[in-house]
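Using the working numbering, the letters of the sequence shown map in sequence onto residues -6 to 161.
Remarks on the structure that follows.
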Amino acid sequence: MSTTNSATAAWLTQEAFDRLTAELDHLSGAGRADIVQKIEAARQEGDLKENGGYHAAKEEQGKIEARIRQLTALLRDAHVGEAPADDGIVEPGMLVIARIAGDEEKFLLGSREIAGDSDIDVFSEKSPLGAAIIAVLSASSEKVADLVEEERRGEAMGWSVELTAVKN
């Protein structure tokens, strides 16, 4: 478990950290062993150029290896801790309800990994909108930000943001 304050760190609850660690352990152990067996079984079928099972297994292996790399980096750089205090200050791990460009939005601020199987929208604190909401709304005690800008295709998009509620 790493608790780092670098700009690349993702905030995770202990529960999310444990769940992702278990997934990494499975993929690194049994997951790899299973895919190696599938590849070997497909190789036994003959000509690899026209062997759909072999190509599917190799593609699955690539996806597993990519997920292992993603989880390794995420867990290495993760900031693990309890949910932040319910003090009305916007920070990673908080459920934010805000009126953005006139529409009420309810989302979790942080890594999509902390949402687990939940269907709630998650905005990374590193995304343009997440970073702007943190910078503007946590820097002051005001509940209304005049303008949040996102650079999109070379144009600055302006949105008014009104913070409705923040919960942990």
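Every residue gets a Cβ at the ideal spot worked out from N, C-alpha and C, and that includes glycine.
Note that the coordinates shown come from a computational prediction; the quantities given were computed from them, not determined experimentally.
Would the beta-carbon of residue i fall within 7 Å of that of residue j?
| i | j | result |
| --- | --- | --- |
| F100 | D114 | yes |
| G22 | I57 | no |
| A217 | E118 | In this structure the chain extends from -6 to 161, so residue 217 is not present and cannot be described. |
| K31 | A15 | no |
| A3 | A71 | yes |
Contact check, residue i vs residue j under 8 Å by CB: the rounded distance?
| i | j | result |
| --- | --- | --- |
| G46 | E38 | 6 Å |
| I127 | V73 | That belief does not hold up - the Cβ atoms of I127 and V73 are roughly 19 Å apart, past 8 Å. |
| A35 | N44 | 6 Å |
Taking C-alpha atoms, which residue in the options lies nearest to residue i?
| i | options | result |
| --- | --- | --- |
| L13 | G123, H72, L68, F116 | L68 |
| L64 | D96, L88, H19 | H19 |
| D88 | D96, G95, G103 | According to the sequence displayed, residue 88 carries Leu and not Asp. If we check each option's Cα against that of L88, G103 comes out closest. |
| V29 | L17, G55, K42, D11 | G55 |
| L17 | I93, E98, I61, P85 | I61 |
| E86 | A125, E98, F116 | The amino acid occupying residue 86 in the given sequence is Gly; Glu does not appear at that position. Checking every option, the nearest Cα to that of G86 belongs to F116. |
Using the rule of at least 16 other Cβ atoms within 10 Å of the residue's Cβ for burial, across every protein chain shown, is residue i buried or exposed?
| i | result |
| --- | --- |
| L122 | buried |
| G95 | exposed |
| A138 | Interpretation of A138 is limited by its pLDDT of 43, a score under 50 that renders its predicted location unreliable; no figure is taken from the coordinates. |
| L41 | exposed |
| A91 | buried |
| Q7 | exposed |
| E97 | exposed |
Of all Cβ atoms in chain C, is any one closer than 7 Å to the Cβ of residue i?
| i | result |
| --- | --- |
| S104 | The structure shown contains no chain C; it is built from a single protein chain. |
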